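Report on the following structure.
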Amino acid sequence: MARLAPSQAAALREALVMLRSRESGDAVLALRLGADRATVDDLVDRLANDGGRSRDIPFSASELHTLHCALTTVATMFLAHGRYFSEEPFHERIGCYREDADALALGIADALIEARPQPGS
Numbered sequence: 478m479a480r481l482a483p484s485q486a487a488a489l490r491e492a493l494v495m496l497r498s499r500e501s502g503d504a505v506l507a508l509r510l511g512a513d514r515a516t517v518d519d520l521v522d523r524l525a526n527d528g529g530r531s532r533d534i535p536f537s538a539s540e541l542h543t544l545h546c547a548l549t550t551v552a553t554m555f556l557a558h559g560r561y562f563s564e565e566p567f568h569e570r571i572g573c574y575r576e577d578a579d580a581l582a583l584g585i586a587d588a589l590i591e592a593r594p595q596p597g598s
């Protein structure tokens, strides 16, 4: 279960939508996100705006992997000349700054680490 602020859910959703809509095909989508189109579509639906409130959304470990991949991969769609990251278009499309997307990705990984059973417990 993940508690997401509306801005976090929106950033995750926009990253998924952008990666899903690329014309690269299903094989590239699976490479980038570790998921098929149906899984991505389901996540996009579940992350849709729900009245502007923070909310708890259940995710499986594989779905968390897909979300983490989306956050870390979407930045590659904003490379100018294939080399330099372009912050303004990223912010306009995804709805947050790159460092916020990176922090959210790190938060997903940290939450999973904290949730795993500790040895001897």
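Number 548 in this note's numbering belongs to position 71 of the sequence shown; there are no gaps in the numbering.
Using N, Cα and C, we set each Cβ at its ideal position, and we do this for glycine too.
Predicted, not measured: the structure shown is a model, and the values here were computed from it.
Express the C-alpha separation of residue j and residue i in angstroms, rounding to a whole number.
i: A592; j: D577; result: 22 angstroms
i: A504; j: L510; result: 10 angstroms
i: L548; j: P596; result: 30 angstroms
i: R523; j: G502; result: 23 angstroms
i: A580; j: N526; result: 21 angstroms
i: R497; j: R560; result: 22 angstroms
i: S484; j: S539; result: 22 angstroms
Identify, in the order they occur along the chain, each residue of the same chain with its Cβ nearer than 8 angstroms to the Cβ of residue i, setting aside the five sequence neighbours on each side.
i: P566; result: F555
i: I571; result: A488, E491, A492, M495, V551 and A578
In chain order, what residues of the same chain lie with their CB nearer than 6 angstroms to the CB of residue i, ignoring the 5 residues before and after it?
i: P535; result: M478
i: S537; result: none
With a cut-off of 8 angstroms on the beta carbons, I'd call residue i and residue j a contact; round off their distance for me.
i: A586; j: H558; result: A586 to H558, Cβ: 30 angstroms. No contact.
i: V517; j: T543; result: 7 angstroms
i: L481; j: R532; result: 7 angstroms
i: L541; j: L589; result: 6 angstroms
Identify, in the order they occur along the chain, each residue of the same chain with its Cβ nearer than 7 angstroms to the Cβ of residue i, setting aside the five sequence neighbours on each side.
i: A507; result: D513
i: H568; result: Y574
Per DSSP, residue i is paired with what?
i: I534; result: A479
i: Y561; result: A557
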